[in-house]
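In full-length UniProt numbering, the protein residues as written are 1 to 151.
Next comes the structure, spelled out in structure tokens:
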């Protein structure tokens with residue numbers, strides 16, 4: 001039973017789909033980090049400069065201002081929407097990049113299928129014309145009548 005379990009696991013792990021999925025997850029994680037850095041370190045600062053020097057990660061709505069009660073300062077209650085905007089830009093760029101990649105792969109796949117179909121049609125024998133089919137039928141009928149008429 002133990003060897004059957006490990007054999008089944010090995011067969012599962014070595015299937016192409018699982019390995020492809022693992023590679024995709026690793027590359028996707030790295031790609032997500034690259035896009036997050038692109039958004040946080042390049043796009044958002046440039047966008048901030050264009051709209052008046054705003055740092056988007058610092059954008060927030062103060063719901064309750066900080067105050068001091070009995071010598072103890074209570075922190076402000078804020079709604080930090082700047083981080084949400086940055087994460088939304090991350091998502092949009094990743095989604096757009098994946099869309100472009102899938103569109104490219106789909107186009108290449110369709111192109112390969114079209115080439116394979118064209119090659120298959122080029123190598124396939126051409127279907128006989130209607131005249132050839134009719135002549136073949138006449139020949140076959142004549143051959144079928146020939147033995148009976150020679151007797």
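Cβ coordinates follow ideal geometry from the N, Cα and C atoms, glycine included.
The three-state secondary structure of residue 18, taken from DSSP, is helix. Counting only residues of its own chain and dropping the five nearest sequence neighbours on each side, residue 47 has no CB closer than 6 Å to any other CB. Residue nearest to residue 64 within the set 56, 70 and 74 is 74 (criterion: CA-CA distance). Between residue 56 and residue 82 a beta carbon distance of about 5 Å is seen, short of the 8 Å cut, so the two are scored as contacting.
Taking C-alpha positions only, residue 133 is separated from residue 145 by approximately 19 Å. Listed in chain order, the non-local C-beta contacts of residue 90 below 7 Å within the same chain comprise 35, 36 and 39, local neighbours out to five positions each way being set aside. Between residue 25 and residue 112, the alpha-carbon positions lie close to 26 Å from each other. Residue pairing from DSSP places residue 78 in a beta bridge opposite 62.
In the DSSP assignment, residue 73 forms a beta bridge with 68.
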